[in-house]
Amino acid sequence: MPSYKAPLRDMRFLLNEFTDPARLRSLPGCEELGPDLVDPILDEAATLCEEVLFPINRSGDEEGCTIENGVVRTPQGFREAWAQFRDGGWPSLACDPDYGGQGLPKSIALLFEEMICSANLSFGMYPGLSHGAYAALLKHGAQVLRDTYLPKLVSGEWMGTMCLTEPQCGTDLGLIGTRAIPADDGSHRITGSKIFISAGEHDLSENILHLVLAKLPDAPPGTRGISLFLVPKFLPTPDGKPGARNGVLCTAIEHKMGIKASATCALSFEEAKGWLVGRPHKGLSAMFTMMNEARLSVGVQGLGLAEVSYQNALAYARDRVQGRALNGAAAPDQPADPIIHHPDVRRMLLSMRAEIEGCRALAMWVAQEQDVATRHADPATRDAAEDFVALMTPIIKAYFTDMGWDATATGMQVFGGHGYIREHGMEQYVRDARIAQLYEGTNGIQALDLVGRKMGAHAGRYLRRFFHPVLAYVEAKSEDERLGEFVLPLSKAFGRLQQATAELARRGLSDPYEAGAGATDYLKLFGLTALAFVWTRMAEIALAKEGEDPTGFYRAKLATARFFMARILPRSGAHLAAVMAGGATLREIEF
Amino acid sequence: MSASDRQRAEGPQAPSTGGVNRPRQTDEGGIKKIGVVGAGVMGAGIAAQVANAGLPVVLLDVIPGGAAKAVEKMLRADPAPFMHRSNARRVTTGDLATDLALLGDCDWIVEAITEKLDAKRDLYAKLAPVRKPGSILSSNTSTIPLVALTEGADWAADFLITHFFNPPRYMRLLEVVAGPRTRADAVAAVSAIADQALGKTVIPCKDRPGFIANRIGGQWMQAAINHAFDFGLSIEEADAVMGAPIGVPKTGVFGLLDLVGIDLMPHIAASMKASLPPEDAYVQGLREQPLIARLIAEGRIGRKGGKGGFYTRVKASDGSSIKYGIDLKTGQDRVSEKPLLESLEAGRRDLAALVAHPDRGGRYARAVLLDTLSYAAALVPEVADDIASVDAAMRLGYNWKWGPFELIDRLGPARLAGLLRAEGRAVPPLLERVGETRFYREEGGALQAMATDGSYRPVARPEGVLLLSDVKRRSKPLTKNGAASLWDIGDGVACLEFHTKMNALDPEVLALIGKAIAMGKKGEFRALVIHNEGENFSVGANLGLALFAANIAAWGEIESMVESGQKTYRALREAPFPVVGAPAGMALGGGCEILLHCDAIEAHAETYMGLVEAGVGVIPGWGGCAAMLRRWAENPKTPKGPMPPVAKAFEMISTAYVAKSAFEARDWMLLRPADGITMNRDRLLAAAKARALSMVEGYEPPKPAALRLPGASGRAALMMAVDSAVALGRTTPHDVVVCGHLATTLTGGERDHTEETSEDQVRTLERQSFMALLHTEATLARVEHMLDTGRALRN
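Quick note, the sequences are listed as chains A and B, same order. Going by our numbering, the first residue of the first sequence is number 1440, and it counts up by one from there. Going by our numbering, the first residue of the second sequence is number 4, and it counts up by one from there.
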């Protein structure tokens, strides 16, 4: 049976040493966020995840969700776990105090999200979708909608969904067929079919609020004609209770490779009563508010699964004895050595660890900028932070989830044949990780978003928020001899990224096909360079702490940083070569 | 006025040598002085353009003092009818009642009074005894037939119609109608001076109502309005469909009505109804639109009335303005919205796709184009002898990108005929005749147009006109890349053409300049002209490229691009052959700097030069600072000492000054006294070529200059001026930063006036300042704002 312990030491390192705690506390609403306040929250979160969510992860996977006459049941234990989650106030953690939230910043919520994903990704889908619906309603909903529904979402009494996909329209939302007809009372009647709706129907909460993309009768063609509607499963009574059943029905749930305890529903809307959220025909931009946040969260899913897989692979490698170490017997009194002494096993474990810790640091950087973007007093600082978050969103989503898939497969590999056996739990992480590369925009779409929308926007302004601080750091540290072993490879990767960016922008300007052809490799190159930057900064902190390191935490950081620079970062050269090769070899063949 | 009085009256910015502000004259057909009667918008504007051409002009008005007031008003107007304030002194004003004798020595008198036959005939009778024998009389009438104006007149041989377009300075079309009795030499003399001095394209027209442009343009407006009502389009949709897809300015039709005045519509309609036969399609299509009548009754006649029109801008309390548009169905104002039609997307690529589209935009475009194109096709030879004249008139008089026959070719003449037949409408004979072919074709590298007999004849260019587009049609470039080309324009002269978007300059352009210099050094040509036929000569360096490079911190690449520009421009100046710049339209930033490195400039009068870098938070980096210092230092009129050239260059560059004409450019040494100005854009290349050839014999490239710059003390003086501007609230915080770098560069940095400073040393300072400024967030914000909005950010 697998196990899980939240990586609190690393999380506290990131919160208190890697990101600037003073900067976080300078933001309105964050003034009190010192270790005194945050540590207990993280401890409680860890306990919840380790003791409540983790134990029902494998059973939930085995049992899955069931549907009968339109009623969906979650696996055994999920209702009770949700009740504990809700009653502990966890849904309100990062919500607006005006609606009953605790107002904690993303920097802290993100760590909780990672723990949930490690412990039980399927379970995490339910509160995750609710939070997305909360965010869209908070930003775009009319006051009366906010007053009616937000307190319910924040308290966790009611939950939410995002309904975008239809059978004929996935990535291309311009093809949406669901219609919204204005009614006399100012509401709308929604009719159409939606599929792949996570948490679309379940037995956890007494009501479900669907945010639905649909077209008004006078809608312009394509994506410019999509509007967003709020459609509750039960229409609320004046005293805020679930009232009459609305015209939305779950017709089926999907049979999936992974996240089996998450109900993925087909929903049918028939003259369902709904209310417009935001302006007519501007639904896509309202939905993008949710999607950007959701994409960051999906990235964290890759991170969380990689972490739990790593923990179990590490434990197994310490325990399992097979063969003799190549540098002499490590356990001469035993017939064989623990496999952790074998270089290739160490390679696998370090590959996982270097990516995981790097990604966690990068996520923290982005999360803090997200807090700056929403909370900082100075508009120019807010804008700059928002640029940065917009730039990094596709990178976090795609790089992290590809990493999650690779890392969980590597974790299984450490187990050898035992990894393939269900009872060890390692194969579930592989299956659960796979979806993250697909939903919220496939990773190919993320790469196109990066080169098509983010790279060229405002003549590259978003890029400035990454390139300028990184180059400034490299230049500032260029004389630092001890840091040289990290700064030099960082600087090399940065140069590669500059070259690839300039070339891709130049080619893409005259031929979008070329930008598309290089997009995925470019995203990988960007992700690697960003990891090199956060690893160099972590190494700088670790170097300064070498003298006071009773647990060896900082020594391990430095060793992992060196492994990253030596064994992972060189992939940037291959990605650069692929970008520079252009699209010629993709065009040539006739399939 | 004595000479010294005149100097004072002109003020400090006036040129110091008499006559320097005259454009270079060629053969003007003996017309030396011109009179204009009627000081309304048209008459006064025509007089101003005559003055712009360097000729003396008499302007009379029936209202006492009216002509003098009109001149004063023009001096305040924006856009300015005068190309230089000092041109106003060439206008002698007077009253019709008392000063008729002033017209006595005029070789050509233009009548531009009220559109009433009796009033005009009355004036002509009064002019007869005053007019100098052999002088020419013309009317600027837009509605009255020549035959009516000259009925029974014994001066009909001296008379013709010269129909200018508003505003006369900027609109290049001049419709000329000669009567059966008009002297051929009078037509020739007027055409010559209109072409060469006034810069107009003369299109001979028949004596038919509305001549060419207003006849077709008026019918088009009427069709575009009526069909917009018929097909239920919003005004935004109608303007978008009538705009870019068919090559009409973005005002479309309702925006155009707001611009010219909605109250004009009934006048034009009445005049056309009175003068055209009732079966004419224009008259047939006349319809009273109650909404338009209501707007006129309410005084909502468009921009000139101040009460709005179809579109109304309302200022909100926060200073922003909201644009309202009128709903054609309800007549109510509502917030203007960007039109969303699938046909517009289709029309972006292809006119035929727009016309074929089933949505209301497509049906609307089809209806209007069928009406207007078939109407135009039926008007040759009624209004003009050839189709090329009709197309030119619509391009130059209505700013259409393509004339009606060019539009028919884009659509396909057979397709148009098919659409007409499908609706059971008559196909004009000319359209029948063209059949499956096109109205225009290229034959042996020459452009030909179909004549009424079905044969193809060359599209004639006036004597002495040299167009790069004609050269390009008949030859292959000497060399080219994606951004620029080099053409052989004959007699051993090469022409370097930019053809990037908005003619922005980038490394590819620099590379081609470098290649051209190498070819010139090998003797592959004798002289080089830098010219293109784009709307603008060049808007400067490609800012998008520079900003992108700055955003990814590619500082080394940017600095090498700056240095390569400096080296290329320097090499251009030091090349062993003469280089003449021939700009028209905007020549800004790097596009101005390349001109400053030419041996001579032959500028179109409508050239807008300026070193505008400060507007985007940098300073000229391609030798512009060094070149301006040198220009002022080498000008014998500049006061002695190290400071005056620096002060002049600083004043111009720090304010991002743009000259509003070639004449204004002379005030700031952007043009030097020996540089030429050509009034007619079509004659610019020929003039530049002639100038280049005149310099070939014994050509010696200029030597690098040694400058005396004031150093730190000069910098302090300049910054004191900046400080006082700060105190007056005229500058922004980042202006001060930019001025600081500019001051350091222009004063020579660490150097001082006791030593010589080379141009290369100034270039190094330029480059350092440029790079330092590009490292600031405020400069990057300025560049980005300029790219996003086309306007300068004041941060």
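For each residue, glycine too, the CB sits at the ideal point set by N, CA and C.
Just to confirm, is the Cβ distance from residue i to residue j under 8 Å?
i: Y1538/A; j: L1589/A; result: yes
i: A1969/A; j: I1884/A; result: no
i: G1743/A; j: L1560/A; result: yes
i: L357/B; j: P252/B; result: no
i: A1875/A; j: V1737/A; result: yes
i: A1756/A; j: M1791/A; result: no
i: A556/B; j: H1907/A; result: yes
i: L120/B; j: A151/B; result: yes
i: L126/B; j: E118/B; result: no
i: I1679/A; j: F1673/A; result: Per the sequence shown, residue 1679/A should be read as Gly rather than Ile. Cβ atoms of G1679/A and F1673/A: not closer than 8 Å.
i: K1633/A; j: E1605/A; result: yes
i: A1829/A; j: Y1901/A; result: yes
i: R1892/A; j: D1826/A; result: no
Going by other Cβ atoms of all chains shown within 10 Å of its Cβ, with 16 needed for buried, is residue i buried or exposed?
i: R352/B; result: exposed
i: F408/B; result: buried
i: F168/B; result: buried
i: E2095/A; result: The shown model of chain A, from 1440 to 2030, leaves out residue 2095/A, and the question about it has no answer.
i: I139/B; result: buried
i: D330/B; result: exposed
i: Y1838/A; result: buried
i: E1640/A; result: buried
i: Y1749/A; result: buried
i: S664/B; result: buried
i: R1786/A; result: exposed
i: K332/B; result: exposed
Taking 8 Å as the limit between beta carbons, can you name the residues of its chain near residue i, skipping five residues before and five after?
i: V393/B; result: I215, I219, A379, L382, V383, V386, A387, G406, P407, F408
i: P705/B; result: R576, E577, D602
i: A1484/A; result: A1445, W1529, L1550, F1551, M1554
i: Y459/B; result: R444, E446, Q451, A452, M453
i: M1729/A; result: G1571, A1572, A1574, A1575, M1601, L1650
Suppose the cutoff is 7 Å on Cβ atoms and the five residues either side in sequence are ignored; what does the same chain contact list for residue i look like?
i: E1979/A; result: L1922
i: S1569/A; result: P1530, L1592, M1598, G1599
i: G1563/A; result: I1555, C1556
Could you spell out where the beta strand (DSSP E) holding residue i opens and where it closes?
i: D1817/A; result: From DSSP, D1817/A is part of no beta strand (DSSP E); its letter is neither H nor E.
i: G328/B; result: 324 to 329
i: L176/B; result: 176 to 181
i: V317/B; result: 314 to 318
If residue i and residue j are in contact, beta carbons under 8 Å, what's the gap, nearest whole angstrom?
i: S141/B; j: T165/B; result: 4 Å
i: A1725/A; j: L1655/A; result: That pair is no contact at about 14 Å.
i: M589/B; j: V542/B; result: 6 Å
i: L1612/A; j: L1603/A; result: 6 Å
Excluding sequence positions up to five away, which residues of its chain have a Cβ less than 6 Å from the Cβ of residue i?
i: A54/B; result: V60, N90, R93, V94
i: G1664/A; result: K1654, A1658, H1720
i: L614/B; result: C595, P623, G627, I656
i: I799/B; result: Since the displayed chain B opens at 4 and closes at 798, residue 799/B lies outside it and no answer follows.
What is the residue span of the alpha helix (DSSP H) that residue i lies within?
i: D198/B; result: 187 to 199
i: M1601/A; result: Run containing M1601/A: none in the alpha helix (DSSP H); it sits in the beta strand (DSSP E), 1597 to 1602.
i: A449/B; result: Here A449/B belongs to no alpha helix (DSSP H); instead the beta strand (DSSP E) covers 449 to 453.
i: P713/B; result: Neither: P713/B is in no alpha helix (DSSP H) and is coded neither H nor E.
i: K706/B; result: Taken as a continuous stretch (DSSP letters only), K706/B belongs to no alpha helix (DSSP H), as it is neither H nor E.
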